[in-house]
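First comes the structure, then the notes that go with it.
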Amino acid sequence: MKLLIDIGNTRLKWALARDGQFLDQGAISHEGEPAGVLAQLPAARLSACWIAQVTGQAQEATLREAVRSHYACACEFARSSAQWHGLVNAYREPERLGVDRWLAMIAAWHEQRGAACVIDAGTALTADVIGADGRHQGGFIAAGLQAQQSAVLGTTRFAFRQDVDYQSGLGRDTESCVRQGALLACLGAIERAARAAGPAAHGLITGGDAPLLSRELPDHWQLRPLLVLEGLAALSEG
Ligand SMILES: Nc1ncnc2c1ncn2[C@@H]1O[C@H](COP(=O)(O)OP(=O)(O)O)[C@@H](O)[C@H]1O
Ligand SMILES: CC(C)(COP(=O)(O)O)[C@@H](O)C(=O)NCCC(=O)O
Ligand SMILES: [K+]
200 MKLLIDIGNT RLKWALARDG QFLDQGAISH EGEPAGVLAQ LPAARLSACW
250 IAQVTGQAQE ATLREAVRSH YACACEFARS SAQWHGLVNA YREPERLGVD
300 RWLAMIAAWH EQRGAACVID AGTALTADVI GADGRHQGGF IAAGLQAQQS
350 AVLGTTRFAF RQDVDYQSGL GRDTESCVRQ GALLACLGAI ERAARAAGPA
400 AHGLITGGDA PLLSRELPDH WQLRPLLVLE GLAALSEG
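Below, the structure written as structure tokens:
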């Protein structure tokens, strides 16, 4: 059994895989201490453990030790690189590209070997465009859905109630105006990424806010909650 772990700035996502199939998976909020939630993952006899994390190099020793004590298994950390099976990283310093972005692109390229627009709607909202030839054309990093609202609410002074849902269209009270502002900012960024990618590109969206955002996107967008872990599985296979 192989344990795959994707640690973003908000949650740790994990999957247990055998022969390339995911048998179980989950997500846990980690409040800045990802090693602390490892004990909540199910017990298993592991042949390997692969981790992708964007919470800083300083976390790695603690994570390594937590995996060793919980599973008696060594772990490998995924890294962004200049290329992977014909997929070519656009960064001049490839290792600085967030490994979650690189893995989501690997998953897209592994599956379709064609042009793609890959969105990760997590704490940050990232976009990455892959050309038909496998060249990463670049991307962007924007505030995620939650961060958009925190930015507005943190720099203004009006009263705001938390208990309001997202809708479609325009708001007619403070809460829905703030919610819709965040939603439309994310959708606008995604639309621009899609435009930069061109009409032939496959649109793939992952991340904690992907279910909500994908409801507002054209039908051809694919909702792919496990994209980063799928990329990690592909990378771990060589
Ligand atoms: N159960 C949940 N716990 C925390 N955030 C959630 C949950 N469900 C959806 N979200 C949304 O998902 C976002 C985090 O997405 P995720 O892909 O886990 O981020 P990251 O990869 O940055 O850790 C949050 O900002 C929040 O808006
Ligand atoms: C942009 C990110 C913070 C997104 O992480 P997330 O929102 O999923 O937690 C992460 O991919 C990262 O730390 N990237 C390094 C900078 C870069 O990609 O250029
Ligand atoms: K992520």
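Heads up, the sequence shown is in my numbering, so the first residue is 200 and it goes up one at a time. Cβ atoms here follow ideal geometry from the backbone N, Cα and C, with glycine treated the same way. Treat the numbers as computed from the prediction; the structure is a model and nothing was measured.
The alpha helix (DSSP H) with residue i in it runs from where to where?
| i | result |
| --- | --- |
| Q361 | Unbroken run through Q361: none, as it is neither H nor E. |
| Q348 | L344 to G353 |
| V266 | E259 to Y270 |
For the beta strand (DSSP E) containing residue i, list its first residue and its last residue.
| i | result |
| --- | --- |
| H401 | H401 to T405 |
Considering only C-alpha positions, which residue in the set the options is nearest to residue i?
| i | options | result |
| --- | --- | --- |
| A331 | N208, H401, D418 and G225 | H401 |
| V253 | R244, V298 and E232 | V298 |
| S228 | S349, G407 and A323 | G407 |
| R210 | G235, A216 and F221 | G235 |
| R356 | S413, V377 and S279 | V377 |
| G337 | Q345, I318 and Q347 | I318 |
| E294 | H284, I329 and Q256 | Q256 |
Going by other Cβ atoms of all chains shown within 10 Å of its Cβ, with 16 needed for buried, is residue i buried or exposed?
| i | result |
| --- | --- |
| H335 | buried |
| S246 | exposed |
| H419 | exposed |
| G387 | exposed |
| A314 | buried |
| P233 | buried |
| Q239 | exposed |
| E292 | exposed |
| G321 | buried |
| G353 | exposed |
Which of helix, strand or coil does DSSP assign to residue i?
| i | result |
| --- | --- |
| V328 | strand |
| G235 | helix |
| E390 | helix |
| H309 | helix |
If we call anything under 8 Å between Cβ atoms a contact, is residue i one with residue j?
| i | j | result |
| --- | --- | --- |
| A281 | A432 | no |
| L422 | A303 | no |
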